[in-house]
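Plus 6 on top of the position in the sequence shown (first one is 1) and you've got the numbering used here.
C-beta: ideal position from N, C-alpha, C; glycine also.
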Amino acid sequence: MRGEEKDFTTIWLLLGQRTLRYETYVMPAPEENAQELYEFALRQNERITGAHFSIGIEDALFLRGELPLGVLTESELDRIIGTMYATVERFFPMLIRTGFATRFARTDAPLASEK
Numbered sequence: 007m008r009g010e011e012k013d014f015t016t017i018w019l020l021l022g023q024r025t026l027r028y029e030t031y032v033m034p035a036p037e038e039n040a041q042e043l044y045e046f047a048l049r050q051n052e053r054i055t056g057a058h059f060s061i062g063i064e065d066a067l068f069l070r071g072e073l074p075l076g077v078l079t080e081s082e083l084d085r086i087i088g089t090m091y092a093t094v095e096r097f098f099p100m101l102i103r104t105g106f107a108t109r110f111a112r113t114d115a116p117l118a119s120e121k
């Protein structure tokens, strides 16, 4: 899905024998402020319904969830996709600026020609 804050959000769905697992890649491992970033993400888990931030392969940040197949309906699938998309859109700017603060500090600085 095309986003406003993050260019694209892709949600992977894995249909198991008894559950539907879903996840999206939020961002790569932070270059700096990792402890602050991961703590912030973990604290958000309390507020997010049906999904949670987790640290995945190569310390990248993911948003994941799981649902029993017995409660899977079209409206529930719509809610899952909406939650995943909205959560990434809401938190991505802060997360990326925290994990890559030096890069953003350089791009936020005025250009020499603007001084």
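Express the C-alpha separation of Ile17 and Ser119 in angstroms, rounding to a whole number.
Reliability of the predicted coordinates at Ser119 is poor, the pLDDT of 38 falling under 50, and the value obtained from them is presented with this limitation in mind. For the pair Ser119 and Ile17, the Cα-to-Cα distance works out to about 42 Å.
Distance, Tyr31 Cα to Arg109 Cα
Roughly 20 Å between the two C-alpha positions.
Whole-angstrom distance between Gly88 and Glu72, CA atom to CA atom:
CA-CA distance, Glu72 to Gly88, rounds to 15 Å.
With distances taken from CA atoms, which of Leu101, Ile102, Leu83 and Asp65 is nearest Leu21?
Per the C-alpha coordinates, the member of Leu101, Ile102, Leu83 and Asp65 positioned closest to Leu21 is Leu83.
Compare the beta carbon distance of Ser66 and Ala35 with 8 Å and say whether it is the shorter of the two.
Correcting the residue identity first, residue 66 is Ala in this sequence and not Ser. Yes, these two residues count as a Cβ contact at 8 Å.
Among the candidates Phe14, Ile54, Leu78 and Arg53, whose CA atom is the shortest distance from the CA of Gln23?
That would be Leu78, whose Cα lies nearest to the Cα of Gln23.
In three-state DSSP terms, what is Arg24?
Here Arg24 sits in coil by DSSP.
Figure out for me which residue from Glu29, Arg103 and Glu80 has the closest Cα to the Cα of Met90.
For the residues Glu29, Arg103 and Glu80, the minimum Cα distance to Met90 belongs to Glu29.
Taking DSSP as the reference, what is the three-state secondary structure of Pro74?
Under the three-state reduction of DSSP output, Pro74 falls in the strand class.
Under the three-state reduction of DSSP, which class applies to Glu29: helix, strand or coil?
It is a strand residue.
Buried or exposed by the 16-neighbour rule on C-beta atoms within 10 Å, applied to Leu19:
It counts as exposed.
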